[in-house]
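Everything on this sheet refers to the single structure shown next.
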Amino acid sequence: MILSAGAINSSKVLMLPGTRPRKELEKYDIQVIRNISVGRNLQDHAITSGFMIGLNFTSRNENISMIEEDIFNYRMAHGGPLSEIGTLSSCGFTQTFYEHEKGIPDIQFVYLGASREDFLNDPAESLDMNVNPLSYYNAIYVLPLLLSLKRRGFITERNDLL
């Protein structure tokens with residue numbers, strides 16, 4: 186089984202049916218289905234807002250007739266801009282002087298297509314506000330992501346689940 190619910194929610198979902206360390210389950214008189222270390226290897230990558238590069242063009246004309254044409258094309262042939270992932274297929278890696286092992290990158294740059302107008306209206310919420318398809322963008326966010334994790338965390342329940 187593959188579960189992808191994020192760094193924290195994957196552990197929370199797996200903890201629900203009684204799959205976690207025996208000691209923790211017995212503390213609440215929960216039947217042990219499987220004694221595994223769910224939530225004991227939390228590694229989340231630090232990411233910051235980075236910067237935005239404005240483009241001199243829009244990736245696709247966003248007037249209503251063009252969008253309707255794109256929807257029709259996608260429904261009929263599963264093609265066109267709505268079948269693409271925009272800039273999500275692009276990323277870059279670099280090694281800073283903080284990483285001492287030669288040839289091992291410690292920073293990843295993620296590129297996301299974005300709306301320049303949304304960013305100018307509210308920079309803090311602009312990534313959350315984007316409701317356009319990934320293939321419609323007129324700017325690119327560059328988000329640096331830390332790869333070299335020095336710490337590991339864990340997730341437990343705070344109180345009795347029953």
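330 is the number that the working numbering gives to position 145 of the sequence shown; each next residue is one higher, with no gaps. A virtual CB, placed ideally from N, CA and C, is assigned to each residue, including glycine.
Next on the checklist: Which same chain residues end up closer than 6 angstroms to residue 208 when comparing Cβ atoms and leaving out the 5 residues on each side of it in sequence?
Outcome noted: none
Item to check | Cβ-Cβ distance between residue 297 and residue 328 below 9 angstroms | outcome: yes
Checklist entry - For residue 328, which of helix, strand or coil comes out of DSSP? => result strand
Next on the checklist: Assuming the contact rule is C-beta atoms closer than 8 angstroms, residue 325 and residue 267 should be a hit. Round their C-beta distance to whole Å, please.
Outcome noted: Not a contact, Cβ separation roughly 19 angstroms.
Item to check | Sequence-distant residues of its chain with Cβ nearer than 7 angstroms to residue 341 (five each side left out) | outcome: 209, 224
Checklist entry - Should residue 229 be labelled buried (16 or more other beta-carbon atoms within 10 Å of its own) or exposed? => result exposed
Checklist entry - At which residues does the alpha helix (DSSP H) containing residue 262 begin and terminate? => result 249-262
Next on the checklist: Quick check on residue 295: does DSSP put it in helix, strand or coil?
Outcome noted: strand
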